[in-house]
Amino acid sequence: PWEALVYVTGEINYGGRVTDDLDRVCLMTILKMYYTPNAVKDEEYKFSPSGIYHTPELADLSTVLAYVKALPHSEEPEVYGMHENANIKFQLQETEKI
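Numbering-wise (our numbering), the sequence shown opens with residue -1 and increments by one.
Right, here's the structure in full:
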């Protein structure tokens, strides 16, 4: 089912919005980090190297809500598997637009 979920999300939901082939490859690669059986099986599955983004404990709703509220307001590039310099590059491009 994991390949089907990646396909439905990447190609059907976002496929029409992501028009560049390399961007589509990037999107599909990132989705495979999230749509994996390990995210369900491993109680401490980490979506990022720092461990900030991980599978929350599913004890009850208040525990999950506390985890979500503790997440950073602005996501770091690591959550997408990118180097921290990706954020600098993005900010430079945004500055050039102004």
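The beta-carbon is built from N, C-alpha and C at its ideal position, and this holds for glycine as well.
The model shown is predicted, which means the values in this text are computed figures rather than measured ones.
| Query | Result |
| --- | --- |
| For Thr97, the nearest candidate out of Phe45, Leu59, Leu25 (CA to CA) | Residue 97 cannot be examined here, being either before or after the span of the chain that is shown, -1 to 96. |
| Cα-Cα separation between Gly13 and Glu1, rounded to whole angstroms | 15 Å |
| Under 8 Å between C-beta atoms of Glu76 and Ser48 | yes |
| Own chain partners of Gly8 with C-beta closer than 7 Å, once the 5 adjacent residues on each side are dropped | Leu25, Met26, Leu29 |
| Inter-residue spacing [alpha-carbon to alpha-carbon] between Arg22 and Asp58 | 36 Å |
| In DSSP terms, what Lys44 is bridged to | His52 |
| Where Leu69 falls: helix, strand or coil (DSSP) | coil |
| Below-8 Å beta-carbon distance, Val62 vs any chain B residue | Here chain B cannot be found, since the structure has a single protein chain. |
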